[in-house]
DNA sequence: GTAAACTAGTTTGTAACGCAAACCGATAAG
DNA sequence: CTTATCGGTTTGCGTTACAAACTAGTTTAC
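Residue numbers (the working numbering), protein chains in the order written: chain A, 274 to 383; chain B, 274 to 383.
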């Protein structure tokens, strides 16, 4: 007794320690751009990444929700303007992602 | 005239050159294991990756469809046995993926 | 015998995701 | 007024990853 859990195999936790928020290609692109620039506006990212507007918008929202970017909206001469900044959490997440990937890839025999 | 295509912005091709078959974490795990081992059986991969059986099975099918692994089934002492091998295409895909990722990540300032 | 339990996987159902089209509120031009 | 443009956001939809449920066969228990 105690527990008659019919334990499935699902308590094997998969050996992946990868931040999916960062891992997604479109977001990796965004985040690496922001990492070197420190901040950029929507239209700049749009042209640099080649994403569509809808796509860029939703990925930015997801990064914001994750706490990785801050979105600042203001009006410049009556025209809306959106500035994106990588947060510290975002920088750290990217660096951790990088370490993980580099280690995994570097140790493959060439 | 000629064409009055109301061209959207969608002819901007996104600047991502990443093989999604390889990029998926679970499959990256599988493929890197096969890369060093050259071949392995289903149960070995199961324990090494920590994936569930269903998951492992479907990822392997996807890798097979992509032409990256070969799946050989045989009976050993009346018990089914599945051997997985990385194809040349699989090796090359992984190496190309690695180059792309390493370049992208290495050029980030530390 | 036949039933229960185990082995080695495959198939199914579902929630989440990524994508581009469609939409929206505001300004500018004709 | 109407039309187009700008700077984005929301919607709709096909695809995916995931674990639960299932399958086919084998060994063990009775």
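Note that beta-carbon positions come from the ideal geometry of N, C-alpha and C, so glycine has one too.
Which class does residue 303 of chain B belong to by DSSP, given the choice of helix, strand or coil?
When secondary structure is reduced to three states using DSSP, residue 303 of chain B falls in the helix class.
I need the DSSP call for residue 364 of chain A, collapsed to helix, strand or coil.
Under the three-state reduction of DSSP output, residue 364 of chain A falls in the helix class.
Minimum C-alpha distance to residue 306 of chain B - residue among B:377, B:346, B:381, B:342
The candidate whose alpha carbon is nearest that of residue 306 of chain B is B:342.
Beta strand (DSSP E) containing residue 347 of chain A: first to last residue?
Per DSSP, residue 347 of chain A belongs to the beta strand (DSSP E) from 342-349.
Between the Cα of residue 290 of chain A and those of A:374, A:326, A:379, A:344, spot the shortest distance and give me the residue it belongs to.
Comparing Cα positions, the closest option is A:374.
Is it the case that the Cβ atoms of residue 315 of chain A and residue 302 of chain A are separated by a distance below 9 angstroms?
No. Outside cutoff.
Please list, in chain order, the chain A residues whose beta carbon lies closer than 8 angstroms to that of residue 296 of chain B.
Those within 8 angstroms of residue 296 of chain B in chain A are 296, 298.
Element boundaries [beta strand (DSSP E), containing residue 318 of chain A]:
Residue 318 of chain A: not part of any beta strand (DSSP E); member of the alpha helix (DSSP H) spanning 315-322, first to last residue.
Distance cutoff 9 angstroms, beta carbons only. Does residue 308 of chain B sit that close to anything in chain A?
Contact of residue 308 of chain B with chain A is assigned, a C-beta pair being separated by under 9 angstroms.
Closer than 9 angstroms, CB to CB, is residue 361 of chain A near chain B or not?
Under the 9 angstroms criterion on CB atoms, residue 361 of chain A is classed as non-interfacial with respect to chain B.
Neighbour-count burial assignment, residue 381 of chain B, 16 or more Cβ in a 10 Å radius:
Answer is exposed; the Cβ neighbour count stays below 16.
Do residue 366 of chain B and residue 292 of chain B have their C-beta atoms closer together than 9 angstroms?
Yes; because the gap between Cβ atoms is below 9 angstroms, this pair is in contact.
Near residue 295 of chain B, which residues of its chain fall below 8 angstroms by C-beta distance, leaving aside the five closest residues on each side in sequence?
The residues 301, 304, 341, 366, 367, 370, in chain order, have a CB closer than 8 angstroms to that of residue 295 of chain B in the same chain once the five nearest residues on each side in sequence are set aside.
Contact criterion: CB-CB distance below 9 angstroms. Does residue 382 of chain B meet it with respect to chain A?
Residue 382 of chain B counts as touching chain A.
Hey, does residue 358 of chain A have any beta-carbon neighbour from chain B nearer than 9 angstroms?
Answer no: the Cβ-Cβ gap between residue 358 of chain A and chain B never drops below 9 angstroms.
Taking Cβ positions only, does residue 340 of chain B come closer than 9 angstroms to chain A?
It does not; no Cβ of chain A falls within 9 angstroms.
If you compare alpha carbons, which of B:321, B:336, B:377 is closest to residue 360 of chain B?
Closest by alpha carbon: B:336.
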